[in-house]
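Residue numbers (our numbering): 17 to 669.
Ideal Cβ placement from N, Cα and C applies to all residues, glycine included.
Below is one structure; the comments refer to it alone.
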Amino acid sequence: MRNKKYFNVENLTEIHTLYINYDELLNMIIDEERKNIDYSRIGLMYKKLRINLSHIMYKKVIKKTYGNKGAKYFVDLKTFNTKNSKIIDDLIKMLCQHNICNQVKNINYIKNIISSVLYFISWINEQSKDYPITLEEGINCFIEYKIYLRSLIKNNLIVSTTAHFRSVWALKLLEISVNDNEGIISKDINVIKGKEIKNNDFSITTKSQKEFEYVFAFYYNFFNQISDFLLEKKSYPYSISLPRGPATIIPSFKAKVIPSYQEYGSNNIAIDHFDGHILNDDEIELITSELKGKKRWSKKSTIKVARNKLLILLSKVNEQFNHEYRLSLSKRAMDAWYMIMLAITGINESSLGKLKWNNEFYIVRDEYNFLAIKSRANNKKVFFKIRKGFKKAFEKFLKLREFALNGYSCEYLFFGGYSKNSKIVQNQIQGSRATEIYKTFLSIDNKLPHILSRDFRKDYGNDFSKTKGLIVASIALQHNLSTHLKYYSGETNQEKAKQIENFFASVHTTVTNDINKDIPKTAAGNCDCIEELTPEIIEQNVEIEPECMDQKSCLWCVHYKIHNNEEDIRKLMSVKYIVTEISLSRAENKEHYKKVINPWLNRIETICKEMISLDSNSKLLINKIWKEVKYEGKLTSYWLRWLDLLDELGVLK
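Dropping the structure here:
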């Protein structure tokens, strides 16, 4: 939407807004009384808030601001589009579904939410796009919008927190628009993170393998030993072993764990923190032996008073195996398992926090030594994979979860609180739960490495890339789709471009003007291997072997065909863009970058030259599409998803 004072509004009509109360407008939309709504001049009124919505209905709009007096909208009446009433309806439904007006007390915050949605709608109009109404349209639209917001961040036009806020509310509107009740859009596509990830041009800072091993050992040992303590009904105080040394569990509302390797307060002085036993009189005498006079007597007295209080508390807690203190402790163990799940599944945190659950699930053996966990909760399919070796640990977690619920239920796999107060918490919804969990565990180990969801996913993908290959890594990262044409490549930034070096090949008979509708389409073009997918390298001296599950490698297969038309050229230019972006962020230096990227560029350039030799008009079309892909982010749907995955893994600049 244009917002310049000097724009000419002579041939435009001013909108005289009719503001309708939020509750009244909501009821009219829900009751389908839209005939009583004048969308040509509709506005939203909530308390002191007044927002014009009618400008959404027009393609040509000019907004003129008048300082503190507000703004006026001038429109071309001929550009009125009745279909856009759905956008206004969806906006109101979104506010209702998330209970914004009732829960949010800050009027300015509500205004910012609506402004973010209007900004998104304005972007759709500027791109000459139709408002998404199908799931596929919604997915593609959200990915393109994310790319656009990222470009604004890179050019220092907005900060990452603004981009995060805008992406959150764009996603919520799209979920209403395409009726995405199961959260399919957000399953694989995250909103933009609120904090920028700073890195060098040719490298991305990664955690060491020792750090990953330490973090995993910490969370796993904590979860495993606390679970045994609770499920086997053991008594307080209880000693556990952690990577830095032993620690003792004492009954407390905050589920205190006292490490032997850090300083501890006076409330815990009646316990030996190395093995967890309660100090006897002889040990108290020994501890205070170096003190003299009143100081010695005072110290002994303090320890004995603390011991007596602890013994009284233990007599209560150790007889009640569902005591509130034990339930509180179970939540800390569940938090540790939450971090383990991030490490062993490769699932993104926004998906993990919102996994719905019930106890009607089943585990099946899957390929590559995975176990597939399948369930259905509230008519929503739940699916994720864990490595085979963690089956018993997962079953232990489910028992711990049942213990924490204490006879109550919760529709989500993870939750905040316990017993009757079990419910999903805000940081789960926002995908920031791991950050809070990490902070709480610093009290137990103040040297615990700062490793969160993104770090786990990068390490997970890298691990499987090296041991099982990229296809398995992509499956492990839960980006596997229904057919081989929809698989993402699971390449990671640690694997320094080994798969795209030292090869070059000629075109053969790749380019064709004859469109054969019988040959299957691929993400990079087409494939003439109709009966059975059997990749075959174009020349023996080419080091990279084509793999049907890695769509970009099709360029080096004898079965690869590309039509000299806009659809296939956009596929090829999308591959060029993806390869360029990956290589830039993964190369060790500029020389390595050239070595990596040149074979790809030469191969694509050779294909383009053959297109031009068959039809000279192709040159203009190729240049036009490349500019759209490079500067406007107009990649094909498949490669847009790929781009989002790479961004999620931290591969892109």
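Nearest-angstrom beta carbon gap, residue j and residue i [assumed within contact, 8 Å]
{"i": "Asn141", "j": "Lys75", "result": "7 Å"}
{"i": "Leu34", "j": "Gly59", "result": "6 Å"}
{"i": "Ile192", "j": "Lys109", "result": "5 Å"}
{"i": "Ile126", "j": "Ile104", "result": "Actually they do not touch by this definition, with Cβ atoms about 16 Å apart."}
{"i": "Val207", "j": "Ser176", "result": "Wrong, their Cβ atoms sit about 11 Å apart, outside the cutoff."}
{"i": "Ile159", "j": "Arg657", "result": "6 Å"}
{"i": "Val273", "j": "Ile460", "result": "5 Å"}
{"i": "Met61", "j": "Asn37", "result": "5 Å"}
{"i": "Glu452", "j": "Asn462", "result": "No, Glu452 and Asn462 are not in contact; Cβ-Cβ is about 16 Å, not under 8 Å."}
Identified DSSP bridge partners for residue i
{"i": "Phe677", "result": "Since the first and last residues shown for the chain are 17 and 669, residue 677 lies out of range."}
{"i": "Thr264", "result": "Ser255, Ile274"}
{"i": "Gly59", "result": "Tyr35, Asn68"}
{"i": "Ile440", "result": "Note: Ile440 sits in no beta bridge, so no partner."}
{"i": "Ala87", "result": "Thr81"}
{"i": "Lys372", "result": "Tyr428"}
{"i": "Tyr74", "result": "Phe96"}
{"i": "Asn542", "result": "Lys537, Lys577"}
{"i": "Glu30", "result": "Phe90"}
{"i": "Ile287", "result": "Ile294"}
{"i": "Ile379", "result": "Ile389"}
9 Å Cβ cutoff met for residue i and residue j
{"i": "Thr264", "j": "Ile285", "result": "no"}
{"i": "Tyr89", "j": "Lys79", "result": "yes"}
{"i": "Phe472", "j": "Asp351", "result": "no"}
{"i": "Glu306", "j": "Ser469", "result": "no"}
{"i": "Leu107", "j": "Gly154", "result": "no"}
{"i": "Pro275", "j": "Phe234", "result": "no"}
{"i": "Val333", "j": "Tyr252", "result": "yes"}
{"i": "Phe430", "j": "Leu345", "result": "no"}
{"i": "Tyr434", "j": "Met355", "result": "no"}
{"i": "Lys625", "j": "Met589", "result": "no"}
{"i": "Lys223", "j": "Pro465", "result": "yes"}
{"i": "Glu301", "j": "Lys325", "result": "no"}
{"i": "Trp681", "j": "Tyr164", "result": "Any property of residue 681 remains undetermined from this structure, which presents the chain solely from 17 to 669."}
{"i": "Ile294", "j": "Leu327", "result": "yes"}
{"i": "Phe290", "j": "Ser255", "result": "yes"}
{"i": "Lys439", "j": "Gly432", "result": "yes"}
Option nearest residue i by Cα separation, candidates the options
{"i": "Thr95", "options": "Ser56, Val194, Tyr164", "result": "Ser56"}
{"i": "Thr622", "options": "His289, Lys592, Met355", "result": "Lys592"}
{"i": "Ala359", "options": "Ser425, Lys463, Ser438, Gln225", "result": "Gln225"}
{"i": "Ile205", "options": "Ser255, Asn240, Lys332, Lys162", "result": "Lys162"}
{"i": "Asn375", "options": "Glu427, His71, Arg449", "result": "Glu427"}
{"i": "Ile149", "options": "Leu329, Lys635, Asn195", "result": "Asn195"}
{"i": "Ile45", "options": "Ile460, Cys112, Leu93", "result": "Cys112"}
{"i": "Phe413", "options": "Val175, Val77, Asn237, Glu583", "result": "Asn237"}
{"i": "Asp100", "options": "Gln241, Asn124, Asp54", "result": "Reading off the sequence, residue 100 comes out as Asn, not Asp. Comparing Cα positions, the closest option is Asp54."}
{"i": "Cys573", "options": "Cys543, Ile620, Gln241", "result": "Cys543"}
{"i": "Asn87", "options": "Lys347, Ser144, Met357, His32", "result": "Reading off the sequence shown, one finds Ala at residue 87, where the question assumed Asn. Of Lys347, Ser144, Met357, His32, the residue nearest in Cα terms is His32."}
{"i": "Thr361", "options": "Asn639, Lys404, Glu26, Thr98", "result": "Lys404"}
{"i": "Ser641", "options": "Asn581, Pro615, Ser629", "result": "For the sequence presented, residue 641 should be read as Ile rather than Ser. Among Asn581, Pro615, Ser629, the Cα nearest to that of Ile641 is on Asn581."}
{"i": "Tyr424", "options": "Asn437, Lys415, Gly432", "result": "Asn437"}
{"i": "Glu648", "options": "Arg166, Lys203, Asn97, Asp39", "result": "Arg166"}
{"i": "Trp616", "options": "Trp655, Leu637, Cys570", "result": "Cys570"}
{"i": "Lys203", "options": "Ile445, Lys347, Leu93", "result": "Ile445"}
{"i": "Thr652", "options": "Lys537, Ser632, Phe377, Leu630", "result": "Lys537"}
{"i": "Asp39", "options": "Ser243, Asn197, Lys63, Thr81", "result": "Lys63"}
{"i": "Thr98", "options": "Lys650, Asn296, Lys51", "result": "Lys51"}
{"i": "Glu198", "options": "Ile137, Leu151, Tyr654, Ile303", "result": "Leu151"}
{"i": "Glu583", "options": "Asn618, Arg619, Lys650", "result": "Lys650"}
{"i": "Trp655", "options": "Ile137, Gly541, Leu637, Ile628", "result": "Gly541"}
Assess, as a yes-or-no matter, whether the segment 338-351 is touched by the segment 225-232 under the definition of 3 or more beta carbon pairs within less than 8 Å. Fewer than three beta-carbon pairs drawn from the segment 225-232 and the segment 338-351 are found closer than 8 Å, and the two stretches are therefore not classed as touching.
Looking at C-beta atoms only, is the number of pairs between the segment 401-409 and the segment 300-311 that lie closer than 8 Å three or more? These segments do not touch.
I'd like to know if the segment 245-259 and the segment 412-420 are in contact, where contact means that at least 3 CB-CB pairs between them fall below 8 Å. Three or more pairs of CB atoms, one per stretch, sit closer than 8 Å, so the segment 245-259 contacts the segment 412-420.
The segment 123-140 touching the segment 50-70, judged by at least three CB pairs closer than 8 Å: With a cut-off of 8 Å on Cβ pairs, the segment 123-140 is in contact with the segment 50-70, counting three or more such pairs.
Counting pairs of Cβ atoms below 8 Å between the segment 365-376 and the segment 260-274, do you hit three or more? Judged by Cβ distances under 8 Å, the segment 365-376 makes no contact with the segment 260-274, as fewer than three pairs qualify.
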